[in-house]
Structure formats: C-alpha cells, structure tokens
Amino acid sequence: MNVFTKKASDEIKKIHRLSRHCNGKEKKKHEKKLLTLMRKHVDEIEGLYQNKDKHFLIETGDLIILCLEMFLENKVSADQVMEQCFNRYQKKLKSLMRKSKDEKS
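Counting in the numbering used here, the sequence shown runs from 1 upward without gaps.
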C-alpha cells in the first residue's frame, strides 16, 4: 500500500536532511530532539484547540512531519508502518464497539 506519494516522500526526505543538519547528525541526538519537538507540538496543539484557534491543524501537520522524520531516522518505511497501524486501529475500534455493545446488552 502506498500511503504517501513520491512527491510527499521526497519532501520529507529533504526536510529530514535539513533537520539532521540543524538538530544533530548522530541518531540518538536527533531522535531525542524529535521527541522533544513532538512533545512541544502536542502541548501547542492542545492549547490552540482549547482556544478554538484553527491553527492547531497546521501544528498537527507539523507533528506528522516530525513523526515521519522519526521513521526515516530509524530507516523504516512510513507506508509499511502506516499500513500496520491502519489494521491495528480497525481491529481495536471494532473490538471497542463490540465491548460497548455487550455492555449495553
């Protein structure tokens, strides 16, 4: 399954190269910086959302880029990870729906 277009994949690779240059070429250092940025973005998204500021959507996109960078940093295919996650979420949601239905019975 191709989740991301070639253009999107090429763009994230460009961003990742720049990010490694700015934030540290050493894998562990770069991962730590990515995680720090992810946490900051989650906090920012939450604040913007609570203030009904639609800019939270742009910050959510930035968070996605950071997540995609983490995949690249660990040399895994974003398409493969996302395909696995799609399947996991579907199973989990179906299970929760069954559980909720059983509790209502």
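Each residue gets a CB set at the ideal place from its N, CA and C atoms; glycine is no exception.
Have a look at the options and flag the residue whose alpha-carbon is nearest the alpha-carbon of residue i.
| i | options | result |
| --- | --- | --- |
| V42 | T60, K54 and A78 | T60 |
| I64 | E26, A78, K7 and S100 | A78 |
| F4 | K101, Q80 and S100 | Q80 |
Determine whether the beta carbon atoms of residue i and residue j lie at a separation below 7 Å.
| i | j | result |
| --- | --- | --- |
| H30 | N23 | yes |
| S19 | E83 | no |
From which residue to which residue does the alpha helix (DSSP H) around residue i run?
| i | result |
| --- | --- |
| G24 | Run containing G24: none; DSSP gives neither H nor E here. |
| K106 | Past the edges of the chain, shown from 1 to 105, lies residue 106, and the structure says nothing about it. |
Taking residue i and residue j to be in contact with their CB atoms under 8 Å, please state how far apart those CB atoms are, rounded to whole angstroms.
| i | j | result |
| --- | --- | --- |
| L66 | L34 | 6 Å |
| K6 | E73 | Rounded, the Cβ-Cβ distance is 20 Å, inconsistent with contact. |
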